[in-house]
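Residue numbers (my numbering), protein chains in the order written: chain A, 1 to 220; chain B, 1 to 506; chain C, 1 to 218. Note that CB positions come from ideal geometry on N, CA and C, so glycine has one too. Have a look at the structure below, then the notes.
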């Protein structure tokens, strides 16, 4: 390969009878350019064929294994239509663990630490309402609480939604789990609450507007 | 290829077929000048606007109160404006520029009907402008990658239709008997994009599909914007500029064919991996994941083809700006695609889905691959349009290092950060094993937010670096447009002077 | 490859194939889905979306909430969605059939909102959280949406809707912060988001691990 002087090329192009000015402008920029690209024809390496086959094989196996019966209503790739969906054995429930999961809902206001937000949402930690009378705390959960309430010496004025009838509609079990959790977490010392006790109070009060603090203070 | 042993040529250099070809190419380049410059300037404007939106959105992620009172700049809007400005503004305009120039050259035909292209360009840019204005004022459709409000999309569609018609005409009147691999990609992309765009518009906005089928349409489209529009244009550029700058043929035609068709067949199934674990049939997710695994075929094949072409010429990276950008992009294409295949796997997606990991991947593909290839192409094309040299090699150097380092930092930080985020969010067991959290509970959400802060701040810093690169680029382009043409024979603007780089003709 | 028609034909079939497989087949399958009537309360699930919630959804869309909040719950055991209390079961296609626009989302900068209406029913909480997320979730990186609220002079009785803000955030005396119509409809929409009913057809199609064999026999 020779290395010609670019200017020599320039002259050659002009000599080619290119009278058009734009062509005469083709100085070094175009002349120095490499030829237009084209393809070589090196044969495909053998390992590429092997690789392609292997990938196609893996892909096919993946589809067959995770096809879930091609059922549009199946969202779990492990589902197999031939496997009759037998119910798993009922699991024994740990109220604290269940309550902890449910507490996600409460944590939005009372915070994951149970400390609440000063001036806005009251704390649960050491709260006399939480650790005190079962009858009161179950009523708060079932029907909600609204208006000013004094907790650990500070007054809060906000609304807590009902978790019983007319509100979240939680079952007696769920309410007993969450209360048991809250009464025994963060060094709280309240006794566990049974679903039966919740059912009893639910029956007694039914659906009603949220409680006011004074109404509850009347209950022992 | 004309060989130096041609008898008539050696007798009379004036009739040299190579010289005639050069004259022809110069006429072709000149004929593309006006439309190509129009798209270049549009693309340049949009990348600056898009980067500013990106910086605002990025600051907001770690400092939520930043510009918090401006409703039109709330995170959900400014992030969307960023995406649309860079996708439909920058990347598409840059694609049009490359398409015009490559189609004309590869068809070996003077550019016909430039008015068609200019009309398309005006429609497109007006459409994108109205669309982004609509997004900022609250008319976003909230369908990812299709946020442009329905009153602006017909403009985009018309623009695209004009562009397609033009390409078919160019191809029809082309003189080249052979369809070079870059042209396969360009023609297919020009055919695919309006199709998927109109189907997606119809099935999500004009006559919405039922329930979560919309989500399937959405991701079938959004993934294909990358797969059937930007990737083909990016690869077409690599296939052209790599052999062009090196003056060597592409390694293997057979690998090119295999790479093209496996991409065409597998890429468009892969989009469903954005919905893994979601309310779409398990078998469709499986098919999407399988297709993502299959994507290793075109990626590895194309990677080998490029690498084998490049082999023995790595030294040229020290001189040629075009080559450096293009090779950086091509390497990242291989990387991002291989990572993408693994990200789609259910076990991996369980952790990284819904996290910054995805954002890292998107920037890896669209920036570190596509955008860098477009920069490389522009560094080659512009001197040939204007018949001027780039004014400053230093600015090119700043541009390269700022964008390359910036984008790699961003991708790295968000890949790692997203993985961390996913561990804390989704797998209490794994997070416990790694000692990230005691007990068996998920980490509190606000704790995850706190942990992410340092990654998000680093991302903003990398964004600033990238913005500096874009400014250097913009200054260089504007300077080049304004400076007078030299009457002398000029030398190319390279990073450093090579022994015999680019001056060698044959 | 020098034949253009072949190129176009191949390109056409490649994409037509994926469109048929991913979109058409599922449009046919999900087009047939109907709401399920719950015998115990005689309501058709998923529940219809109220007009005000629909308005609120438009606010949700125009502010781009979905870029940080998903609306899809992954199945228990895949991710920790259930452990976070975001939902007890996998979101299924039937949950979305009444929706004009499905906003699944792909990013969890913030928590999933598919069941926010069951997780957080307090309107007051939502207003405070939108007004400034630091009020209810200190350290959050959610932007404040104070522009959805109006500060106005109290004329006569204070509005019952006025936000009860802690002193550091409260406006000067004689003024109050009230939610605008957009804030009200947005909160109505958020409260309407809950998939509480489990559809029998989908529930039958979950994976049940083979029961452990205590005897250790085949």
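Contacts that residue i makes with chain A (C-beta to C-beta distance below 7 Å)
| i | result |
| --- | --- |
| residue 141 of chain C | The premise fails here: residue 141 of chain C is roughly 17 Å from chain A at the closest Cβ pair, so nothing lies under 7 Å. |
Interface residues of chain B facing residue i [CB-CB closer than 7 Å]
| i | result |
| --- | --- |
| residue 11 of chain C | 188, 191, 192, 264 |
| residue 52 of chain A | 297 |
| residue 149 of chain C | What residue 149 of chain C touches in chain B: nothing, since even the nearest Cβ is about 11 Å away. |
| residue 125 of chain A | Near residue 125 of chain A there are no residues of chain B at all, since even the closest Cβ is about 16 Å away, more than 7 Å. |
| residue 177 of chain C | Neighbours of residue 177 of chain C on chain B: none; closest Cβ ~14 Å, over 7 Å. |
Own chain, CB closer than 7 Å to residue i, minus 5 neighbours either side, in chain order
| i | result |
| --- | --- |
| residue 79 of chain B | 57 |
| residue 112 of chain B | 169, 170, 173 |
| residue 104 of chain C | 70, 71, 72 |
| residue 496 of chain B | 318, 319 |
| residue 119 of chain C | 85 |
Under 9 Å by beta carbon: chain A residues contacting residue i
| i | result |
| --- | --- |
| residue 122 of chain C | 108, 109, 158, 159, 160, 161 |
Distance between beta carbons of residue j and residue i, contact taken as under 8 Å
| i | j | result |
| --- | --- | --- |
| residue 325 of chain B | residue 373 of chain B | 7 Å |
| residue 23 of chain C | residue 213 of chain B | 7 Å |
| residue 473 of chain B | residue 399 of chain B | 5 Å |
| residue 172 of chain A | residue 199 of chain A | 5 Å |
| residue 63 of chain A | residue 287 of chain B | 6 Å |
| residue 256 of chain B | residue 36 of chain A | Not quite, the Cβ-Cβ distance comes to about 16 Å (not below 8 Å), so this is no contact. |
| residue 46 of chain C | residue 98 of chain C | 5 Å |
| residue 141 of chain A | residue 96 of chain A | Going by Cβ atoms, the distance from residue 141 of chain A to residue 96 of chain A rounds to 17 Å, so no, they are not a contact pair. |
| residue 167 of chain A | residue 153 of chain A | With 8 Å as the limit, residue 167 of chain A and residue 153 of chain A do not qualify as a contact, their Cβ atoms being about 28 Å apart. |
Chain A contact residues for residue i, given Cβ-Cβ distances below 8 Å
| i | result |
| --- | --- |
| residue 26 of chain C | 72 |
| residue 247 of chain B | 34, 35 |
| residue 221 of chain C | This structure does not reach residue 221 of chain C, given that chain C is present from 1 up to 218, and the question cannot be answered. |
8 Å Cβ cut-off: residues of chain C touching residue i
| i | result |
| --- | --- |
| residue 78 of chain A | 207 |
| residue 59 of chain A | Correct list: empty, because the minimum Cβ distance to chain C is about 14 Å. |
Chain B contact residues for residue i, given Cβ-Cβ distances below 9 Å
| i | result |
| --- | --- |
| residue 56 of chain A | 294, 297 |
Same chain only: Cβ atoms within 6 Å of residue i, ignoring 5 sequence neighbours per side
| i | result |
| --- | --- |
| residue 91 of chain A | Its pLDDT being 48, under 50, residue 91 of chain A is placed unreliably by the model, and the measurement read from it follows with that caveat. Same-chain partners within the cutoff: there are none. |
| residue 101 of chain B | 32, 36, 381 |
| residue 217 of chain C | A caution first: residue 217 of chain C carries a pLDDT of 38, below 50, which makes its placement in the model too unreliable to give a value. |
| residue 2 of chain B | Low confidence applies to residue 2 of chain B: its pLDDT is 40, below 50, so where it sits in the model is not reliable enough to give any reading. |
| residue 510 of chain B | A question about residue 510 of chain B goes unanswered here, because the residues of chain B that appear run from 1 up to 506. |
| residue 12 of chain C | none |
| residue 192 of chain A | 180 |
| residue 493 of chain B | 389, 390, 393 |
Cβ neighbours of residue i in the same chain (closer than 8 Å, five flanking residues each side left out)
| i | result |
| --- | --- |
| residue 267 of chain C | This structure cannot settle anything about residue 267 of chain C, because the visible part of chain C is limited to 1 through 218. |
| residue 208 of chain B | 214 |
| residue 137 of chain B | 72 |
| residue 89 of chain A | Low per-residue confidence applies at residue 89 of chain A: pLDDT is 41, beneath 50, and the placement is therefore not dependable, though the value from the model is reported in the following sentence. None. |
| residue 48 of chain A | none |
| residue 352 of chain B | 343, 358, 418, 419, 422 |
| residue 64 of chain C | none |
| residue 110 of chain B | 27, 28, 31, 104 |
Chain-ordered chain C contacts of residue i [CB-CB under 7 Å]
| i | result |
| --- | --- |
| residue 449 of chain B | 139, 140, 141 |
| residue 180 of chain A | By Cβ distance, chain C contributes nothing, its closest Cβ being about 17 Å from residue 180 of chain A, past 7 Å. |
Closer than 8 Å to chain D by CB, residue i
| i | result |
| --- | --- |
| residue 157 of chain C | No chain D appears in the structure shown, which is made up of the protein chains A, B and C. |
Three CB pairs or more closer than 8 Å across the segment 226-243 of chain B and the segment 187-199 of chain B: Proximity of the segment 226-243 of chain B to the segment 187-199 of chain B meets the contact definition, three or more beta-carbon pairs being nearer than 8 Å.
Positions along the segment 198-212 of chain B whose CB lies within less than 9 Å of some CB in chain C: Result list: 199, 203, 204, 205, 208, 209, 210, 211, 212.
Three CB pairs or more closer than 8 Å across the segment 117-131 of chain A and the segment 188-196 of chain A: yes
Interface positions of the segment 35-46 of chain A facing chain B (Cβ-Cβ less than 8 Å), listed along the chain: 35, 36, 37, 38, 39, 40, 41, 42, 43, 44, 45
Three CB pairs or more closer than 8 Å across the segment 257-264 of chain B and the segment 50-60 of chain C: no
Three or more C-beta pairs below 8 Å linking the segment 79-92 of chain B and the segment 42-58 of chain B: yes
Stretch pair the segment 73-85 of chain C + the segment 37-52 of chain C: three plus CB contacts closer than 8 Å: no
Any 3 or more C-beta pairs closer than 8 Å across the segment 112-126 of chain C and the segment 181-191 of chain C: yes
Members of the segment 89-115 of chain C that neighbour chain A once the beta carbon cut-off is set at 9 Å: 90, 91, 92, 93, 94
Selection of the segment 272-283 of chain B by Cβ proximity to chain A, strictly under 9 Å: 277, 278, 279, 280, 281, 282, 283
Touch test, the segment 135-155 of chain C against the segment 84-95 of chain B, Cβ-Cβ under 8 Å, three pairs minimum: No, the segment 135-155 of chain C is not in contact with the segment 84-95 of chain B.
The segment 277-286 of chain B / the segment 327-340 of chain B touching (three or more Cβ pairs under 8 Å): no
Contact residues within the segment 71-88 of chain B, judged by C-beta distance below 7 Å to chain C: 71, 74, 75, 76, 77, 79, 80
Against chain A: residues of the segment 251-263 of chain B by CB proximity under 9 Å: 251, 252, 253, 254, 255, 256, 258, 262
At least 3 beta-carbon pairs within less than 8 Å: the segment 152-160 of chain C vs the segment 105-122 of chain C: no
Interface positions of the segment 306-322 of chain B facing chain A (Cβ-Cβ less than 9 Å), listed along the chain: Of all residues in the segment 306-322 of chain B, only 308, 309 place a beta-carbon less than 9 Å from a beta-carbon of chain A.
Residues in the segment 113-146 of chain B having any Cβ partner in chain C nearer than 8 Å: Here the close residues are 138, 139, 140, 141, 142, 143, 144.
Three-pair Cβ contact test at 8 Å for the segment 456-474 of chain B versus the segment 406-414 of chain B: yes
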